[in-house]
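Since the structure comes first, as structure tokens, the remarks are kept for the end.
Written out as structure tokens, the structure reads:
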């Protein structure tokens, strides 16, 4: 099987150890079970929740995503519509956040697991499993 890059594994929400198993039980864009993460990788059985409440730190990344969304919406609306009314800004930010909540929440967890979690890519994980 071909080697999956770190970037592709993160975009596809794959396990950091094997880069094959899914981190989430549902689709990355699903509104169902937004906060659910597999306890163990379905492919290599790596522990994806190393301790209770591990993913609380991902809230900071999710917050940064939300701030980036607000700043970008404000810049785009100000540039394209020449300083519209405040209700336009608020409505656009609220709709954008509601639409992007699953993606922002899940990718914050993927980033947190890859940056803070102790799992590192192991191309020989199948030998360890046997």
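Numbering (the working numbering), first residue to last: 244 to 373. We put the beta carbon where it would ideally sit given N, CA and C, even for glycine.
query: Whose C-alpha, out of 344, 341, 281 and 331, is nearest the C-alpha of residue 264?
result: The count along the chain shown starts at 1 and reaches residue 264 at position 21. For residue 264, the closest of 344, 341, 281 and 331 by C-alpha to C-alpha distance is 281.
message: Checking the sheet assignment: what are the DSSP bridge partners for residue 257?
response: What you label residue 257 is simply residue 14 of the chain shown in a count that begins at 1. 265, per the DSSP bridge assignment.
message: How far does the alpha helix (DSSP H) with residue 342 in it extend, from its first residue to its last?
response: Taking the first residue of the chain shown as 1, we reach residue 342 at position 99. According to the DSSP assignment, residue 342 belongs to the alpha helix (DSSP H) that extends over 329 to 359.
message: For residue 311, count the other beta carbons within 10 Å of its own beta carbon; 16 or more makes it buried, fewer makes it exposed. Which is it?
response: What you label residue 311 is simply residue 68 of the chain shown in a count that begins at 1. Residue 311 comes out exposed.
field: Top-ranked residue by Cα proximity to residue 291, from 354, 325, 248 and 326
entry: Start at 1 with the first residue of the chain shown, and residue 291 comes out as number 48. Considering only alpha carbons, the answer is 354.
- prompt: Tell me which same chain residues have a C-beta within less than 7 angstroms of the C-beta of residue 339, skipping the five on either side of it?
  reply: Here residue 339 is taken as the residue at index 96 of the chain shown, counted from 1. Shown here for residue 339: same chain residues with a beta carbon closer than 7 angstroms to its own, the five before and five after excluded, namely 312 and 316 in chain order.
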